[in-house]
Amino acid sequence: MARPTTMTVRSFDFTNLDARRLTKVGAGWANIRVDHNSTVTLISETGANSAQLDFRFSASYRAAEAVIGLIQIEGQIAWEGDAKALVKGFSSGGQMPQEVANEIHTVIMTNCIPETVILARELRLPPPIPIPQVQVPGQPTPLKKGRSPEIA
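This is how it looks when you write it as structure tokens:
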């Protein structure tokens, strides 16, 4: 029986934050589309069972007429697992095993989306994720006196 390989993200660091608003505040853009993208740009073996992954996350804000904002985050992830195979696969074809790619991109999104929300707020851009809409229920209608509901 084969033992499952263990993979772990050991650390996550931002190395560069770049946020730009490309239009004036108050320009009435309708139907703003926010596109997210995370890319692993480099994988370096740092030990027999460890690697460093450099990444770039971007959120671009587009209206039908123009690009209205761009947020880019770069960083590094310290990863533990079969580093030699990871580096070899990435160097030869730019691909990572599916389970590693899922783990890495989930970590990137989990850390970058909250940072992007804060940067977007500072630039007065809409948040890059939908904000839940709150609906407070109306006043309950009062029961008529003298009658009560029938309960069986």
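The sequence shown begins at 2 in the numbering used here and counts up one residue at a time.
Ideal placement from N, C-alpha and C gives every residue a C-beta, glycine not left out.
Nothing here was measured: the structure is a model prediction, and the numbers come from that model.
Which residues DSSP lists as bridging residue i, in chain order
i     : result
ASP55 : LEU43, GLN77
Residue environment, residue i, which counts as buried when at least 16 other CB atoms sit within 10 Å
i      : result
PRO129 : buried
LEU87  : buried
PHE91  : buried
ARG4   : With a pLDDT of 43 at ARG4, under the threshold of 50, the modelled position of this residue cannot be trusted; read the value that follows with caution. Burial call: exposed.
VAL137 : exposed
GLN99  : exposed
Rounded straight-line distance, which links the Cα of residue j to that of residue i
i      : j      : result
ILE109 : PRO115 : 11 Å
ILE69  : PHE15  : 24 Å
THR47  : HIS37  : 29 Å
THR9   : LYS85  : 15 Å
ASN135 : VAL26  : The displayed chain sequence assigns Val, not Asn, to residue 135. Going from the Cα of VAL135 to the Cα of VAL26 covers about 26 Å.
LEU120 : GLU81  : 30 Å
PHE1   : GLY139 : A query on residue 1 cannot be resolved here, the shown segment of the chain reaching from 2 to 153 and no further.
ILE72  : VAL35  : 10 Å
Beta-carbon separation (whole angstroms), residue i vs residue j, contact threshold 8 Å
i     : j     : result
THR24 : ALA67 : 7 Å
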